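The structure appears below as structure tokens.
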Amino acid sequence: MRRWAALGVAVAVVSLAGCSGFQSVLNPEGDNAISIARLFWFFLTVCASIWIVVMAILAMSLVRARRNTAPETRDQRRMGFVIGGCVAASVIILVVFTLASFFTNKSIAAAPEDPLTVKVEAHQWWWQVTYLDKRIDHRFETANEIHVPVGRPILLQFESPDVIHSFWMPNLAGKQDVIPGRFTELTFTVEKPGIYRGQCAEFCGIEHAHMGMYVVAQEPFEFDKWRGRQIGDSVPPTNAMLRHGYMVFVSNACASCHTIRGTDAGGVVGPDLTHFGSRLSIAAGTVPNTMANLQGWIANPHGIKPYTQMPSVALAGDDLTAVSQYLESLK
Amino acid sequence: MKTRTVLDVSPLPESSFGSRTLTWWGTLAFMSLEGMGFALAIGAYIYLRVFSTHWPLNSPPPDLWPGTIVTILLVISAIPNHFMATWARAYDMRKVRAGLTLMSLLGIAPLIVRAFEFWGMRLRWDTDAYGSIVWFLLGLHTTHLLTDVGDTVVLNVLMFTRHSANPRRFSDVSDNAFYWDFVVLSWLPIYFVLYWLPRL
Amino acid sequence: MSAAPEILRDTDLAERSLEERITHIWRTPSGIIGWLSSVDHKVIGLRYIVTAFTFMGLAGVAALIMRLQLAQPNMHVVNADRYDQLFTTHGSTMMFLFAVPVMEAFAVYFVPLMIGTRNVAFPRLNAFGYWVYLFGCIMLWASLFSNSGPDVGWFAYVPLSRGYGVGHRPDVWAQMITYTELAALAVAVEIVATVFKMRCPGMTLDRIPIFVWGGLVLAFMVLFAMPAVMVSSTMLILDRLVNTHFFDVSLGGDALLWQHLFWFFGHPEVYIIFLPGTAMISTMLPAFTRRPVFGYMAVVLSLAATAFFSFGLWVHHMFVTGLPRLGESFFTASSMAIAVPTGAQIFCWIATIWDGRPRFATPFLFICGFIFTFVIGGLTGVMVASVPLDTQVHDTYFVVAHFHYVLIGGAVFPLIGAVYYWFPKFTGRMLSETLGRWNFWFAFIGFQIAFFPMHILGLEGMPRRVYTYTPEMPWGGLNLISTIGAFIFATSFVLLLINVAKSLRSGVLAGDNPWNAETLEWATTSPPLPQNFTRIPVVSSRAPLWSGDDTFPVIAGMRADKREVLLTTLTEAEPDIRESSPGPSIWPLIAALTTGFTLLWSIYTPWAIVYGALPVAVSLIGWFWPKGTKEDES
Ligand code: HEA
Ligand code: HEA
Ligand code: CUA
Ligand SMILES: [Cu+2]
Numbered sequence: 001m002r003r004w005a006a007l008g009v010a011v012a013v014v015s016l017a018g019c020s021g022f023q024s025v026l027n028p029e030g031d032n033a034i035s036i037a038r039l040f041w042f043f044l045t046v047c048a049s050i051w052i053v054v055m056a057i058l059a060m061s062l063v064r065a066r067r068n069t070a071p072e073t074r075d076q077r078r079m080g081f082v083i084g085g086c087v088a089a090s091v092i093i094l095v096v097f098t099l100a101s102f103f104t105n106k107s108i109a110a111a112p113e114d115p116l117t118v119k120v121e122a123h124q125w126w127w128q129v130t131y132l133d134k135r136i137d138h139r140f141e142t143a144n145e146i147h148v149p150v151g152r153p154i155l156l157q158f159e160s161p162d163v164i165h166s167f168w169m170p171n172l173a174g175k176q177d178v179i180p181g182r183f184t185e186l187t188f189t190v191e192k193p194g195i196y197r198g199q200c201a202e203f204c205g206i207e208h209a210h211m212g213m214y215v216v217a218q219e220p221f222e223f224d225k226w227r228g229r230q231i232g233d234s235v236p237p238t239n240a241m242l243r244h245g246y247m248v249f250v251s252n253a254c255a256s257c258h259t260i261r262g263t264d265a266g267g268v269v270g271p272d273l274t275h276f277g278s279r280l281s282i283a284a285g286t287v288p289n290t291m292a293n294l295q296g297w298i299a300n301p302h303g304i305k306p307y308t309q310m311p312s313v314a315l316a317g318d319d320l321t322a323v324s325q326y327l328e329s330l331k
Numbered sequence: 001m002k003t004r005t006v007l008d009v010s011p012l013p014e015s016s017f018g019s020r021t022l023t024w025w026g027t028l029a030f031m032s033l034e035g036m037g038f039a040l041a042i043g044a045y046i047y048l049r050v051f052s053t054h055w056p057l058n059s060p061p062p063d064l065w066p067g068t069i070v071t072i073l074l075v076i077s078a079i080p081n082h083f084m085a086t087w088a089r090a091y092d093m094r095k096v097r098a099g100l101t102l103m104s105l106l107g108i109a110p111l112i113v114r115a116f117e118f119w120g121m122r123l124r125w126d127t128d129a130y131g132s133i134v135w136f137l138l139g140l141h142t143t144h145l146l147t148d149v150g151d152t153v154v155l156n157v158l159m160f161t162r163h164s165a166n167p168r169r170f171s172d173v174s175d176n177a178f179y180w181d182f183v184v185l186s187w188l189p190i191y192f193v194l195y196w197l198p199r200l
Numbered sequence: 001m002s003a004a005p006e007i008l009r010d011t012d013l014a015e016r017s018l019e020e021r022i023t024h025i026w027r028t029p030s031g032i033i034g035w036l037s038s039v040d041h042k043v044i045g046l047r048y049i050v051t052a053f054t055f056m057g058l059a060g061v062a063a064l065i066m067r068l069q070l071a072q073p074n075m076h077v078v079n080a081d082r083y084d085q086l087f088t089t090h091g092s093t094m095m096f097l098f099a100v101p102v103m104e105a106f107a108v109y110f111v112p113l114m115i116g117t118r119n120v121a122f123p124r125l126n127a128f129g130y131w132v133y134l135f136g137c138i139m140l141w142a143s144l145f146s147n148s149g150p151d152v153g154w155f156a157y158v159p160l161s162r163g164y165g166v167g168h169r170p171d172v173w174a175q176m177i178t179y180t181e182l183a184a185l186a187v188a189v190e191i192v193a194t195v196f197k198m199r200c201p202g203m204t205l206d207r208i209p210i211f212v213w214g215g216l217v218l219a220f221m222v223l224f225a226m227p228a229v230m231v232s233s234t235m236l237i238l239d240r241l242v243n244t245h246f247f248d249v250s251l252g253g254d255a256l257l258w259q260h261l262f263w264f265f266g267h268p269e270v271y272i273i274f275l276p277g278t279a280m281i282s283t284m285l286p287a288f289t290r291r292p293v294f295g296y297m298a299v300v301l302s303l304a305a306t307a308f309f310s311f312g313l314w315v316h317h318m319f320v321t322g323l324p325r326l327g328e329s330f331f332t333a334s335s336m337a338i339a340v341p342t343g344a345q346i347f348c349w350i351a352t353i354w355d356g357r358p359r360f361a362t363p364f365l366f367i368c369g370f371i372f373t374f375v376i377g378g379l380t381g382v383m384v385a386s387v388p389l390d391t392q393v394h395d396t397y398f399v400v401a402h403f404h405y406v407l408i409g410g411a412v413f414p415l416i417g418a419v420y421y422w423f424p425k426f427t428g429r430m431l432s433e434t435l436g437r438w439n440f441w442f443a444f445i446g447f448q449i450a451f452f453p454m455h456i457l458g459l460e461g462m463p464r465r466v467y468t469y470t471p472e473m474p475w476g477g478l479n480l481i482s483t484i485g486a487f488i489f490a491t492s493f494v495l496l497l498i499n500v501a502k503s504l505r506s507g508v509l510a511g512d513n514p515w516n517a518e519t520l521e522w523a524t525t526s527p528p529l530p531q532n533f534t535r536i537p538v539v540s541s542r543a544p545l546w547s548g549d550d551t552f553p554v555i556a557g558m559r560a561d562k563r564e565v566l567l568t569t570l571t572e573a574e575p576d577i578r579e580s581s582p583g584p585s586i587w588p589l590i591a592a593l594t595t596g597f598t599l600l601w602s603i604y605t606p607w608a609i610v611y612g613a614l615p616v617a618v619s620l621i622g623w624f625w626p627k628g629t630k631e632d633e634s
């Protein structure tokens, strides 16, 4: 038993210390996630110690008991006291745990002043992102990707038109369910520039596995540059190929589902593609946004995301390349 | 293993009434789980009310009369029900038969008025969440009413057959009365929730 | 009233002929009809156990397929549609068709034996319960095999299950709930009445075996928890069938109402599974440490306290739904509090071992494996009980790890131990110890390899219920390890199967009390005669079989010409009434079939309830109408 205990803990520590990543609880870069991580290591240490102690006593009793000859009934009262002591100790530890999580909870729930407010609408199975602003003409929409300035509090306001989803950026903050008919929100501040990945955490149907998204944390000036570009309309096609691509887009079903600001494409079923070329991924973090992937996606979305809501639209080979080039040109 | 007799149970009776019998405890157990069901359904009603801006959503409060009549009928029926239980304990066949017949009728009467109660809700189960929950509560209680009346009628018939000559039957009768009390009691909070909460 | 003269009592007969006669009266009639009409709690208990394990096996195989699919990124063992059906059926089966029923089954089998009576309180209700349960099992798995298995998770959150499910899949789930709840409630009612009124003379409250306390606690939790899921699943069916709007946000309904109702049941549910497991530990431990369990009172009180607390924890499954933070903190506190009684039990068991002389037989190995594993699961439970921590690990593999540690460590390990412990009582033969040891080590090591990595996966950001993941995620390695572990663990069940098959034929003959245990089930033959006890025993201590004297105190004066049980008073267990106990009947099966088909049909049309009402009513009347047997007539 003791051998096992030792091994178990060894495995635990090594593997926990070992892991890091852009979708991990264990290398937090947001204030919210950082304080939770601190709490986590505290809980882990205490619980691991408790477990080791309990196992040690069990092991001792097994070894000792082997030697027992006659069933002892002398020290019953003493054992009673020992157990009482253990229970008391447990109570104390649990009170400490409760208080610790209570105060952490308060700190992360605190309302921020002058946050950057972003509306996030969860769909089966992609994220619609709307940057709110007092000036209507400064509002803009994108998908599956949130850019934020480091150091400034972010306030995400969630909505869901279909089922329950859950917004989760492990490196930045704890998760928050997105529930139809309920208003929920989440605040955090990113400490370090970088690209963080997250994923829908509440089972929301058949493509729940492919509902990822990115948070891109930038220095404030870079963020403002990006924001400036996003507010503007799409860049008009500059050469024949792109113009052809544009024509393909608007003359096919595409336009009935997708919006490209500054063009006739005004569909609202799918993601806004106005600046699609500037995004990291296709189909909610399913594949990287490359020319090849894009062509593959448009030709046959279900080949990349089997149950996606986007239908495959029959396009001639050169139409396909053209429309893909056009979309990639939308930086 | 060799045994030694330490106790003779032959003088003990072979049947009895109330909490000395198994059926009574079975009935009590069923009551508590059904009572729990009622409580949760009422909880759901209150929950929906709390989370909606106005209540009853877009409908007028239900018509008081049918529900009130049912309530009165049920409360009245509790009295003969009580007597029937005491007659059963006295093994008084004639009175028990009369009592059962009366109780069957007193069970059917509220069932008839109950039909008008659904009507008096002034909306359908598929109108909105309010309609759903009131029909649910009414339906839940109606099933209990229905099953117990059914049980009473069957027992009533049974008591007119040769099987009636059996102390066990009288125990059944008193358990049946016991359950009827539950049907009556469980209705009162539901009546309050359905008819008076929307008016508060 | 009943004609006095031709009464026959056990005192009128010699020992031998008495046993034959009573056995004849209590036996299950021969022939297929007889087999289907059995109301013997042992027969039904065993049917429950075998059925539960069969479906556990199937659900386990489903899990193995899931593990293969997850072993590496972008695998194509099954597609998303299949995967969703698999994990839903796996979870639903394990919780509703295996864990809870198997615990009830052990109670149905052993409670009457341990309290020294001849059958459960309502034998026909018991039979009815089993048939309905079987109906539910078959329906769920038939629909899985016909590609219409539920695919919305074992807690079927709305709105997904309300309006987004494929075809009738969510209805299948909801109706399966109805069947198993019916069965569970039936068992609960029986156990309560049995334990309260049928304990043998002298078995006062403080002499009730802990396993029986466990059964009683289980029964009470079922009585008060199951109605919640009954109500919610009924609402779901109504929403889907006759379009009510309980969960329809657009018309005044609410999505979280479902979660509150479900978890008000769902949390107690997990202790319904766990507490009988602990009761098994407390019952087996004395036999292997050769001393009574330390702190009987403490253990019994912990059982009660845990059961009571568990009704105030449900919100800890809803920490990220955006409920008021302060309210949530209350549920953190209550969730932590529940660790205290559980801890007390663990400490008492260790004290028992400390003070005893353990015999390292297979059941004892599983007891040790239980403590080792469950404490890990319990501690991760305490971690997820903290709101901030839970906002990170909720709905990730960390939680999957938590609940497999507590479910398998806390319920399945004791259960397998119990199978080794009581197999001789079931069959009269011992299971092989050598195979038993292999079984244990495969189970123990395989389990840790399969489920420990899941903690880390969860922290590395792997959500649960994903049918695959992209290669850019660093999850492949640990998932592969976990899959390998799962197969090692599964092997342990194959070993168990082999062991059972071999021992049934060639196992060592057990005798009445192979473990030299203390409780009454060991006072009768293995396997027990249909009547359990030819003469009802009388007890004067908590450990009647350790009293030391060679003759066994019993009562006389029971009738020997019909099925009769002895009712005793609630607290002091003084003899009170000799009631007759119903004999075999085919009607429970008929009633189960009529109700079963009515409910199944109602998935397709609400009118089924109306049409079905008549046959159901008829079968119930047929059930209760006296048949003129001796049992009926007096
Ligand atoms: C056998 C079943 C079982 C048992 C016994 C438990 C026991 C506990 N569980 Fe668990 N739980 C489940 C089955 C079980 N659970 C399941 C199935 C789910 C998931 C459902 C789903 O989402 O699918 C779940 C989910 C779950 C959640 C929700 C997680 C989430 O979805 O985000 C939480 C949160 O609080 C929780 C907490 C606890 C706690 C505090 C205990 C405590 O009872 C543990 C107490 C025991 C100990 C603590 C160890 C022994 C004690 C000592 C050695 C004393 C010293 C200890 C200390 C001082 C800390 N459980
Ligand atoms: C008592 C409950 C219980 C038990 C014992 C198990 C046992 C196992 N579970 Fe399960 N599990 C749950 C309860 C349980 N589980 C629940 C409630 C969920 C949540 C579902 C949801 O999210 O809705 C879940 C979810 C779940 C998941 C997460 C799925 C997801 O979120 O995507 C995984 C993934 O690895 C998993 C794996 C396993 C494995 C490998 C086993 C292994 O222990 C299985 C061991 C193998 C066997 C038991 C089969 C071998 C037996 C034989 C070969 C015998 C012969 C066969 C016959 C007789 C037919 N389980
Ligand atoms: Cu959206 Cu899971
Ligand atoms: Cu819980």
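Chains as they are written, first to last, in our numbering: chain H, 1 to 331; chain X, 1 to 200; chain S, 1 to 634.
Glycine included, each C-beta is placed from N, C-alpha and C at the ideal position.
Every value quoted in this text rests on a predicted model; they were computed, and no experiment measured them.
Report the partner residues of residue i according to the DSSP bridge assignment.
i, result
"Glu579 (chain S)", "S:Val565"
"Ala217 (chain H)", "H:Val148, H:Gly194"
"Gln128 (chain H)", "H:Glu121, H:Ala143"
"Val287 (chain H)", "H:Ile282"
Does ligand 4 have even one heavy atom less than 6 Å from the beta-carbon of residue i?
i, result
"His267 (chain S)", "yes"
Regarding residue i and ligand 2, is the C-beta to nearest heavy atom distance less than 6 Å?
i, result
"Arg82 (chain S)", "no"
Could you tell me whether any non-hydrogen atom of ligand 1 is closer than 6 Å to the CB of residue i?
i, result
"Gly327 (chain S)", "no"
"Asp390 (chain S)", "yes"
"Thr342 (chain S)", "yes"
"Val500 (chain S)", "no"
When the Cα atoms are used, what is the spatial distance from residue i to residue j?
i, j, result
"Val384 (chain S)", "Ile298 (chain H)", "42 Å"
"Ala143 (chain H)", "Leu273 (chain H)", "8 Å"
"Glu518 (chain S)", "Ala543 (chain S)", "5 Å"
"Phe347 (chain S)", "Cys86 (chain H)", "8 Å"
"Asn439 (chain S)", "Pro453 (chain S)", "22 Å"
"Trp51 (chain H)", "Glu460 (chain S)", "23 Å"
Any heavy atom of ligand 3 inside 6 Å of the beta-carbon of residue i?
i, result
"Glu202 (chain H)", "yes"
"Met213 (chain H)", "no"
"His165 (chain H)", "yes"
"His208 (chain H)", "yes"
- request: Kindly provide the ranges of any alpha helix (DSSP H) runs that are 4 or more residues long and lie completely inside the stretch 255-300 of chain S, ordered along the chain.
  value: 255-289
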